[in-house]
Amino acid sequence: MHEYSLAQALVEHVERQARARGALSVHRVVVRIGPLAGVETELLTTAYDHVRVGTLCASAELCVGGEEVVWVCDACGEALPSGGGLCCPGCGLPGRLAGGDGLILERIEMEVAAHV
Amino acid sequence: MCKACGCGDTTIVPVEIHERLLSDNDRLAEHNRAHFAEHGILAVNLMGSPGAGKTAMLEATARAMSAARGLAAITGDLETDRDARRLRDAGIRAEAITTGSACHLDARMIHHALHRGAAEGADTLFIENVGNLVCPAIYDLGQTVTVVALSVTEGEDKPLKYPPMFRSADLVLLTKIDLLPALPDYDRDALAESLAQVMPDPRLLPVSARTGDGIAEWVAFLEARRAAHVHV
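Protein chains in written order, with the working numbering: chain A, 6 to 121; chain B, 113 to 344.
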């Protein structure tokens with residue numbers, strides 16, 4: 006259940022960013038999680054609900070988006086056809102994962118004083 | 113509250129961040145990696161299920177490697193220092209990290225262990241991660257080499273069920289092959305196929321810590337990686 010540690014890292018990260026910008030509170034947190042990131046979105050959301058209590062994120066909605074899995078061949082630069090193996094059909098060399106394992110804090114929406 | 117006129121109005125502002133969630137861990141992992149490179153230490157992150165034979169592999173490694181070699185280990189478990197004691201008995205300088213409830217080691221724990229001198233004077237540091245096929249995979253520790261121990265009794269389909277663990281591995285040790293006579297249905301081709309679906313460049317080494325089969329090849333793998341690491 007590493008989602009709990011991840012939720013803690015997420016809230017700490019968001020709080021640091023928000024405080025540095027003088028936020029009164031955080032309204033929304035947007036993250037992107039690839040299907041190969043090894044993270045269960047539902048578990049992360051549950052963990053986030055526990056961790057955010059008493060923080061700047063206390064009432065911040067967590068929005069989780071996905072990303073596409075992309076393997077590329079570094080030799081020819083082509084993307085490998087999806088559903089095939091993990092080797093380039095043209096070059097026969099092992100591919101490299103270029104997308105799909107992302108675990109990214111994309112954006113926060115925070116509440117600040119209107120006229121500073 | 114508004115500082116200009118005290119009106120109490122607030123506004124919602126979006127801020128683009130685009131940073132990895134684990135960027136703090138990543139930074140410490142890079143710090144550890146630089147430390148390993150500077151001191152010529154081959155750091156091996158050894159992962160696998162509880163009972164996959166990680167500690168037994170390291171005991172066999174110590175038996176096979178020349179006594180003069182500087183082997184050190186950091187072992188991670190929720191409780192007890194049993195693995196570290198076993199490794200010390202085998203001649204490896206070992207320190208235990210008890211994680212309490214954490215299911216994985218992270219770069220900070222390794223960083224602290226390094227400050228306590230866990231790898232001082234060593235040329236090879238084995239980091240025996242918490243027994244778990246899921247969580248340790250997503251935490252970079254700054255290791256030079258990533259190795260997964262998978263025992264024959266776990267079956268052939270584990271790479272398909274736990275892809276992140278196997279995808280990033282440099283080598284998979286198929287452990288306990290001395291048990292294969294008791295497992296007549298075990299299909300090594302099926303394991304190779306499972307690995308090929310999740311590992312772009314699958315490398316599988318069958319070993320037995322009990323009989324010593326494959327241990328010489330394992331030691332040769334470590335020596336080759338160490339030579340490449342030190343001379344790069």
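In this text, a Cβ means the ideal position worked out from N, Cα and C, and glycines have one as well.
Rounded to whole angstroms, V117(A) and D136(B) show a C-alpha spacing of 26 Å. It is roughly 7 Å from the alpha-carbon of K166(B) to the alpha-carbon of M159(B). Looking at V44(A), G90(A) and E20(A), the one whose alpha-carbon comes closest to that of R33(A) is E20(A).
For L41(A) against V69(A), the beta-carbon gap comes to about 15 Å, at or over 8 Å, which does not count as contact. The three-state reading of DSSP puts I289(B) in helix, counting H, G and I together.
Relative to the Cα of A25(A), the nearest Cα in the group V127(B), R132(B) and A281(B) belongs to V127(B).
The alpha carbon of R112(A) has as its nearest neighbour, out of S213(B), R139(B), V125(B) and Q255(B), the alpha carbon of V125(B). At least one CB of chain A lies nearer than 8 Å to the CB of I129(B).
Taking every protein chain shown into account, the CB of L183(B) has 16 or more other CB atoms within 10 angstroms, so this residue is buried. Look at C247(B) here: in three-state DSSP terms it is helix. Per the coordinates, the alpha-carbon of V16(A) lies some 17 Å from the alpha-carbon of D138(B). Nearest to G152(B) by C-alpha distance, out of D235(B), T173(B), P162(B) and A336(B), is D235(B). Distances from the alpha-carbon of T210(B) to those of G233(B), N241(B) and G229(B) put N241(B) closest. Between G90(A) and G39(A), the gap from beta carbon to beta carbon reaches 8 Å or more.
Only buried fits C93(A), as 16 or more other CB atoms lie within 10 angstroms of its CB. By the criterion of a C-beta distance shorter than 8 Å, E266(B) is surrounded in its chain by S161 and A164, once the five residues flanking it on both sides are discounted. Nearest Cα to E191(B) within the set G203(B), V319(B), R200(B) and A208(B): A208(B).
Within the segment 256-339 of chain B, the alpha helix (DSSP H) runs of at least 4 residues that lie entirely inside it are, in chain order, 270-273, 275-279 and 300-310. Closest option to L283(B), judged by alpha-carbon separation, among A176(B), N244(B) and L262(B): L262(B).
Look at H18(A) here: in three-state DSSP terms it is helix.
As DSSP reads the structure, M115(A) sits in a beta bridge with V31(A) and V125(B).
At a beta-carbon threshold of 8 Å, the residues of chain B lying near V36(A) are L133, ordered along the chain.
The shortest CA-to-CA distance from A206(B) to any of D193(B), L217(B) and G212(B) is the one to D193(B). Judged by DSSP in its simplified three-state form, R228(B) adopts coil rather than helix or strand.
With a threshold of 8 Å between beta carbons, A308(B) makes contact with chain A. For the beta strand (DSSP E) assignment, the uninterrupted runs of no fewer than 3 residues enclosed by the segment 162-225 of chain B are, from N- to C-terminal side, 183-189 and 205-210. The residue among T256(B), L316(B) and R228(B) with its C-alpha nearest the C-alpha of D301(B) is L316(B). If you draw a straight line from the Cα of C247(B) to the Cα of A65(A), it comes to about 26 Å. Annotation: the continuous alpha helix (DSSP H) that includes E150(B) extends over S135 to E150. With a threshold of 16 other beta carbon atoms within 10 Å, V260(B) meets it and is buried. Excluding its 5 nearest sequence neighbours in each direction, N144(B) has C-beta neighbours in its own chain below 7 Å: A219, I222, H223, L226, L253 and G254, listed in chain order. In terms of beta-carbon proximity, C62(A) stays away from the interface with chain B, with every pair separated by 8 Å or more.
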